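Shown next, in structure tokens, is the structure this report addresses.
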Amino acid sequence: MLKQRWMIITGALALCGSVVALYAEEKNQHRPAIELGLPFADNAVFQQQMPVPVWGKSPPGAKITVTFAGQTKVAGSDKDGSWKVVLDALPADKLTSVSEALPGRDLTVVAELAGEKETRTVKNILIGEVWLCAGQSNMAGKLGGGVGRRLPDGSTLTGNYPALRQMGAPWLVCTPESVGQFKKTSFYFGHRLHQEIQVPVGIIHAAVGGSNIESWLNAGSGKNFGALIAPLAGYGVRGAVWYQGESNEKDGRHYLPKLRALILGWRQVWGQGDFPFYFVQLPGIGVSPTNNPAGGDGRAEIRQAQFEALAITNTGMAVTIDVGAVKEHPPNKYDTGVRLARLALHNVYGCKELVPSGPLYKGHRVEGDKIRVFFTNAEHGLMLATKQGQQPPVETPEAKLKWLAIRGADGVWHWAEGAIDGADLVVSCKDVKEPVAVRYAYTTHPAGSLLYNKDGLPAAPFSSCGY
Numbered sequence: 002m003l004k005q006r007w008m009i010i011t012g013a014l015a016l017c018g019s020v021v022a023l024y025a026e027e028k029n030q031h032r033p034a035i036e037l038g039l040p041f042a043d044n045a046v047f048q049q050q051m052p053v054p055v056w057g058k059s060p061p062g063a064k065i066t067v068t069f070a071g072q073t074k075v076a077g078s079d080k081d082g083s084w085k086v087v088l089d090a091l092p093a094d095k096l097t098s099v100s101e102a103l104p105g106r107d108l109t110v111v112a113e114l115a116g117e118k119e120t121r122t123v124k125n126i127l128i129g130e131v132w133l134c135a136g137q138s139n140m141a142g143k144l145g146g147g148v149g150r151r152l153p154d155g156s157t158l159t160g161n162y163p164a165l166r167q168m169g170a171p172w173l174v175c176t177p178e179s180v181g182q183f184k185k186t187s188f189y190f191g192h193r194l195h196q197e198i199q200v201p202v203g204i205i206h207a208a209v210g211g212s213n214i215e216s217w218l219n220a221g222s223g224k225n226f227g228a229l230i231a232p233l234a235g236y237g238v239r240g241a242v243w244y245q246g247e248s249n250e251k252d253g254r255h256y257l258p259k260l261r262a263l264i265l266g267w268r269q270v271w272g273q274g275d276f277p278f279y280f281v282q283l284p285g286i287g288v289s290p291t292n293n294p295a296g297g298d299g300r301a302e303i304r305q306a307q308f309e310a311l312a313i314t315n316t317g318m319a320v321t322i323d324v325g326a327v328k329e330h331p332p333n334k335y336d337t338g339v340r341l342a343r344l345a346l347h348n349v350y351g352c353k354e355l356v357p358s359g360p361l362y363k364g365h366r367v368e369g370d371k372i373r374v375f376f377t378n379a380e381h382g383l384m385l386a387t388k389q390g391q392q393p394p395v396e397t398p399e400a401k402l403k404w405l406a407i408r409g410a411d412g413v414w415h416w417a418e419g420a421i422d423g424a425d426l427v428v429s430c431k432d433v434k435e436p437v438a439v440r441y442a443y444t445t446h447p448a449g450s451l452l453y454n455k456d457g458l459p460a461a462p463f464s465s466c467g468y
């Protein structure tokens, strides 16, 4: 009898528990769920000094209230559930050192519908500078255990930079334990910015090994654009950095309209005007022939196309002709990242004392049997130098400048000699009496003593007559 009573009691309790659970489940089902846009996750960095859009999805007709840094913004979800608010511009959080752990702020999102309420909180957000870094494998490679290796003599990196953050899947705070997960090129870029401007820096990473530029275009199939760029479009960024072209090497001159379409297309979908767009001119690869003064082999044409892309408003190019390797994936990403950072520091952050890049061909003048070449970014003078690994280039004043060619009126190219004259280069060849065009490093992998400015940055390859 006692056993039967106990069974009745336990059965009733179980039934009661099921009813409560069912009620709770039904209640939860009626709560207006909140799905935040991809960038809005713990440890995010918001762009300073510009309005900050925040978006997501909830059931149609929900009232959305977003609270952050003393601001409250309200919106309603539309018929497909989409909603967006725009936070007022905020000043950056200031650092006293790059190792300082600033207290972040929380973003709260509340969705209300039919008397039910749901709340989401995103924690530890900082305000600073945000850059999108995209491309293929040379942008995708991780630091691994190499943060303290492959640096110039006397340089140290601890990995303890809690206000330097990278967004891949979640946002990642840079610590000695996590730094190996950061991507090499964008880490060195972001770290140099972080060091110089002393505000939080957020790197949004979007790179796929082996990808071609077509996959990143917002027109056509653009699978990488759809998967990795479209979900980010509109998130406040200062600008974008692009390291790609290896998979399009054979496009040569035809890479230019594709790169133009990428830059203009991304700017259009972001809706932030002509934001800065900096890209890497491809480094050397393989071995250049020494019996072809006309050049044009390997990566010569695509580099010329990248150079010509500088005609697009608010762009910049990091020259990396001196950090290549015989095979793909040159190990020196330090110089690549730092050179990209120089462009941003000079052009965006007011560091005008920094020369932004190596010498760029500006024009030429025929002077009898010689051609005088003029450059930008050569105000402090030119020099010949060699570079080994991550060490600064070493001046080689007695060396001969290789990979320099001149074309006569007969259309024949000849190897030439170059004489530095302050910020100019004077080019001649004893076999050419009527020169009409000049080329420098117009080949896949020029090696040896190369042309630099006195600031230690390599001159970009050029062809005065185009392709």
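With the first letter of the sequence shown counted as 1, position 93 gets the number 94 in our numbering; the numbers rise by one all the way through.
Cβ coordinates follow ideal geometry from the N, Cα and C atoms, glycine included.
On a predicted model such as this, the values are computed, not experimentally measured, just so you know.
(message) Measuring straight from C-alpha to C-alpha, what distance separates L144 and H192?
(response) To locate residue 144, count along the sequence shown from 1; it is residue 143. To locate residue 192, count along the sequence shown from 1; it is residue 191. If I take the Cα positions, the gap works out to 13 Å.
(request) Measuring alpha carbon to alpha carbon, tell me which of S179, N333, L158 ends up nearest M168. (result) Counting from one through the sequence shown, the residue named residue 168 turns up at place 167. The option with the nearest alpha carbon to M168 is S179.
(request) Find the nearest neighbour of L346 within the set G38, Y279, L233, V324, judged by alpha-carbon distance. (result) Counted from its first residue, the sequence shown places residue 346 at position 345. The shortest Cα separation from L346 among G38, Y279, L233, V324 belongs to Y279.
(message) Taking 8 Å as the limit between beta carbons, can you name the residues of its chain near A406, skipping five residues before and five after?
(response) Within the sequence shown, numbered from 1, the residue matching residue 406 stands at position 405. So the list reads P294, A295, G296, W414, H415, W416, A417, V439, R440, Y441, Y443, once near-sequence residues are dropped.
(request) Would you mind working out which of G221, V200, Y244 sits nearest S212, comparing C-alpha positions? (result) Locating residue 212 in the sequence shown gives position 211, where the first residue counts as 1. Comparing C-alpha distances from S212 to each of G221, V200, Y244 shows the shortest one belongs to Y244.
(request) Could you tell me the distance, in whole angstroms, from the CA atom of A228 to the CA atom of R366? (result) The residue you call residue 228 lines up with position 227 of the sequence shown. The residue you call residue 366 lines up with position 365 of the sequence shown. Each residue's alpha carbon lies about 49 Å from the other.
(request) Could you tell me if S216 is buried or exposed, where buried requires 16 or more neighbouring beta carbons within 10 angstroms of its beta carbon? (result) Looking up residue 216 in the sequence shown gives position 215. Classification for S216: buried.
(request) At 3 residues or longer, and completely inside the region 428 to 457: list those beta strand (DSSP E) runs for me, N to C. (result) The beta strand (DSSP E) runs lying completely inside the region 428 to 457 and spanning 3 residues or more are 436 to 441, 451 to 454, given in chain order.
(message) Just to check my reading of the structure: G266 and N219 have Cβ atoms closer than 8 Å, yes? What is that Cβ distance to the nearest angstrom?
(response) Position 265 of the sequence shown, counting from 1, holds the residue named residue 266. Position 218 of the sequence shown, counting from 1, holds the residue named residue 219. Yes, they are in contact, since the Cβ atoms of G266 and N219 sit about 4 Å apart, within 8 Å.
(request) Using the Cα positions of I214 and G253, report the straight-line distance between them to the nearest angstrom. (result) Here residue 214 corresponds to residue number 213 of the sequence shown, with the count starting at 1. Here residue 253 corresponds to residue number 252 of the sequence shown, with the count starting at 1. I214 and G253 have their alpha carbons spaced roughly 13 Å apart.
(request) Look at the alpha carbon of L114 and the alpha carbon of D43, and state the distance between them as a whole number of angstroms. (result) For the purposes of this step, residue 114 is identified with residue 113 of the sequence shown, where counting begins at 1. For the purposes of this step, residue 43 is identified with residue 42 of the sequence shown, where counting begins at 1. Taking the CA atoms as reference points, L114 sits about 25 Å from D43.
(message) Please identify the residue among G136, K455, T122 whose C-alpha is closest to the C-alpha of H206.
(response) Within the sequence shown, residue 206 is the residue found at index 205, counting from 1. Of the listed residues, the one whose Cα sits closest to H206 is G136.
(message) Across the region 311 to 328 and the region 347 to 363, are there enough close Cβ pairs to call them in contact, namely three or more that are closer than 8 Å?
(response) Between the region 311 to 328 and the region 347 to 363, the count of C-beta pairs closer than 8 Å reaches three or more; the two stretches touch.
(message) Quick check on the burial criterion: 16 or more other C-beta atoms within 10 angstroms. Buried or exposed for A474?
(response) A question about residue 474 goes unanswered here, because the residues of the chain that appear run from 2 up to 468.
(message) By alpha-carbon positions, which one of S222, I204, Q305 ends up nearest to K251?
(response) On the sequence shown, residue 251 is found 250 positions in, with the first residue counted as 1. Of the candidates S222, I204, Q305, the one whose C-alpha sits nearest the C-alpha of K251 is Q305.
(message) Give me the DSSP bridge partner(s) of K58.
(response) For the purposes of this step, residue 58 is taken as the residue at position 57 of the sequence shown. Beta-bridge pairing links K58 to E36, S83.
(message) Counting only C-beta atoms, is S100 closer than 8 Å to chain B at any point?
(response) Absent here is chain B; the protein component of the structure consists of one chain.
(request) Compare the Cα-Cα distances from M384 to each of S222, E36, G246, D456 and report the closest residue. (result) Locating residue 384 in the sequence shown gives position 383, counting from the first residue. Closest by alpha carbon: D456.
(request) Measure from the alpha carbon of G116 to the alpha carbon of each residue in A63, V395, H381, then state which is nearest. (result) Your numbering for residue 116 matches position 115 in the sequence shown. Minimum Cα distance to G116 is reached at A63.
(request) In angstroms with no decimal places, state the Cα-to-Cα distance between A420 and T157. (result) As a first step, residue 420 is located in the sequence shown; it is residue number 419 there, counting from the start. As a first step, residue 157 is located in the sequence shown; it is residue number 156 there, counting from the start. When rounded, the distance between both Cα atoms is 38 Å.
(request) Quick one: residues in its chain with C-beta nearer than 6 Å to the C-beta of A112, no 5 flanking neighbours on either side, listed in chain order? (result) Working through the sequence shown from its first residue, we reach residue 112 at position 111. P33, I35, S59, A63, I65, E119.
(message) According to DSSP, simplified to helix, strand and coil, what is S1?
(response) One cannot answer for residue 1 here, as it falls past the ends of the chain, which runs 2 to 468.
(message) Does R300 come out as helix, strand or coil in the three-state DSSP assignment?
(response) Working through the sequence shown from its first residue, we reach residue 300 at position 299. Reduced to three states, the DSSP call for R300 is coil.
(message) Looking only at its chain, what residues have a beta carbon closer than 7 Å to the beta carbon of Q1, apart from the 5 residues adjacent to it on each side?
(response) In this structure the chain extends from 2 to 468, so residue 1 is not present and cannot be described.
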